[in-house]
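A quick write-up on the structure given underneath.
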Amino acid sequence: MPLVAAAAATAALEVDTNTYMDDLKNSNKLHSIPDFNTVNKLFSSNESAAKFLLAEGVISPPTVCPKCANPVKPDLKKGKVRCRNRNCRHDGEWQQSIYKGTFFEGFHSSKGALMLFCYHWLCGATDKQLAIYTGWGKQKIQLWSTYLHQVCCAVVLDEQGQIGGDGVVVEIDESKFGKRKYHRGHRVEGVWVFGGVELTPEMKVFAVAVPMRDSETLLPLIVKFIAPGSIIRSDCWPCGF
Ligand SMILES: [Zn+2]
8 MPLVAAAAAT AALEVDTNTY MDDLKNSNKL HSIPDFNTVN KLFSSNESAA KFLLAEGVIS
68 PPTVCPKCAN PVKPDLKKGK VRCRNRNCRH DGEWQQSIYK GTFFEGFHSS KGALMLFCYH
128 WLCGATDKQL AIYTGWGKQK IQLWSTYLHQ VCCAVVLDEQ GQIGGDGVVV EIDESKFGKR
188 KYHRGHRVEG VWVFGGVELT PEMKVFAVAV PMRDSETLLP LIVKFIAPGS IIRSDCWPCG
248 F
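Here the sequence shown is numbered in our numbering, starting from 8 and rising by one per residue.
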């Protein structure tokens with residue numbers, strides 16, 4: 008899209024920088040992460056964690072036995088679903104983990120503990136804090152941190168569509184990823200990522216790696232990823248434009 012058309016389209020978007028910091032301080036939406044007590048109660052046992060995951064559709068174990076088609080109910084405490092039909096049991100009872108095919112498959116410790124780890128990680132806990140909160144070793148923490156990073160990246164890339172909408176506030180920002188390194192005389196720098204998040208309970212996001220941070224680069228991205236009528240907020244809007 009030519010730059011002029013892009014600029015015209017974005018003219019419909021209200022750029023509001025003055026109230027941004029005030030809103031940041033006052034908005035509850037920016038603190039949509041539940042408090043620790045609530046989360047801790049929810050994930051204190053395998054049963055309550057499974058109940059939550061089932062209700063949220065994160066796990067969806069089979070409702071009928073694949074062998075005899077009898078209805079089956081998951082045992083949330085044991086984390087298994089099995090067929091209780093006597094006739095079906097003759098040639099070996101059918102049962103499987105309620106976590107099969109999910110994020111939790113292969114994690115044999117408490118699923119509640121893993122959910123708490125995810126919670127602390129999402130809250131931005133450092134490796135040291137994660138070790139203290141979970142009692143896990145360094146290797147396990149690094150493994151799951153890396154995995155969560157990958158999951159988040161996959162979700163962002165998968166859901167790249169337009170965010171915002173009429174009257175929806177979209178916060179945009181630029182961040183540099185990667186550290187400066189000096190290797191064999193060549194300076195290797197990180198990459199600039201331009202992204203946005205809408206301040207709604209869904210908190211839809213977009214993120215794009217950008218070679219430059221000038222208006223010719225960023226304006227078309229704003230038009231592409233932010234729906235017309237959105238209210239764009241940025242604490243760095245004037246710089247780079
Ligand atoms: Zn069966």
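Virtual Cβ for every residue (Gly too), placed ideally from N, Cα, C. Since the structure is predicted, the reported quantities are computational estimates derived from the model, not experimental observations.
query                                                                                                         : result
Counterpart residues of W128 in DSSP-defined beta bridges                                                     : According to DSSP, W128 bridges with nothing at all.
DSSP-derived helix/strand/coil call for Q169                                                                  : coil
Nearest neighbour of S237, chosen from T224, G174, G202 [CA to CA]                                            : G174
Reduced DSSP category for F43 - H, G, I as helix; E, B as strand; rest coil                                   : helix
Within the stretch 203-237, ranges of the alpha helix (DSSP H) (whole runs, at least 4 residues)              : 222-232
8 Å contact criterion, which F213 and G202 should meet: CB distance rounded                                   : 6 Å
Residue list, Cβ distance to ligand 1 heavy atoms smaller than 7 Å                                            : C72, K74, C75, N77, C90, N92, C95, W101
Bridge-paired residues (DSSP) for S182                                                                        : V200
Close beta carbons around S241, own chain, < 6 Å, minus the five adjacent residues each side                  : I179
Residue(s) in a DSSP beta bridge with D82                                                                     : K87
Own chain partners of V200 with C-beta closer than 8 Å, once the 5 adjacent residues on each side are dropped : E181, S182, K183, F184, A214, V215, A216, V217
Residue burial classification, V162 (beta-carbon count within 10 angstroms, cutoff 16)                        : exposed
At least three beta-carbon pairs within less than 8 Å, the stretch 87-101 to the stretch 114-122              : no
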